[in-house]
Structures are given as structure tokens and as C-alpha cells.
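This report concerns only the one structure given below.
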Amino acid sequence: MTHKISVDKNKCIGCGACFATCPNSFKMKNGKAFVTKAKVEKLTCEKEAETGCPVSAIKVN
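All the letters of the sequence shown, read from the start, carry residue numbers 2 to 62 under this note's numbering.
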């Protein structure tokens with residue numbers, strides 16, 4: 002099963018929590034988070050990054 006990961010740039014406040022939690026799937030650029038792996042077969046830390054985002058900018062489907 003493929004899981005889609007996204008970051009809502011309008012909600013992101015650039016706190017870096019997602020990158021700190023899951024550096025293989027998230028990076029920071031120009032003060033905002035972005036996804037380095039938009040689709041993954043197996044979730045590792047992505048759900049943890051989603052729940053740890055203070056503004057709910059990350060979605061994992």
C-alpha cells in the first residue's frame with residue numbers, strides 16, 4: 002500500500018518538528034517544511050511527524 006505525505010505550506014509555521022522527528026521524509030527550506038518523499042510504501046516516522054505538527058500542516062493518507 003502506498004501512503005501519500007503532504008505539507009500545507011499555508012499552515013506551516015516552520016517550527017521544524019517534522020524534520021526533527023522524521024528527517025528522511027521532511028526537510029526545511031526558506032523557513033517552511035517540505036516533503037522529500039511524497040509517497041512511501043512503508044510508514045516509519047511520518048505518522049509521528051503528522052501528530053507532532055503543532056498546526057496540523059502534515060497529512061499522511
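Just so it is clear, CB atoms sit at the ideal spot from N, CA and C, and this is done for glycine as well.
{"Item": "Whole angstroms is fine: what's the gap from residue 4's alpha carbon to residue 38's?", "Value": "10 Å"}
{"Item": "Once the 5 residues before and after residue 62 are set aside, which same chain residues still bring their CB inside 7 Å of it?", "Value": "4 and 5"}
{"Item": "Where does residue 34 fall in DSSP's three states?", "Value": "strand"}
{"Item": "So the beta strand (DSSP E) residue 5 belongs to, where does it begin and stop?", "Value": "4-8"}
{"Item": "Helix, strand or coil, according to DSSP, for residue 12 in the structure here?", "Value": "coil"}
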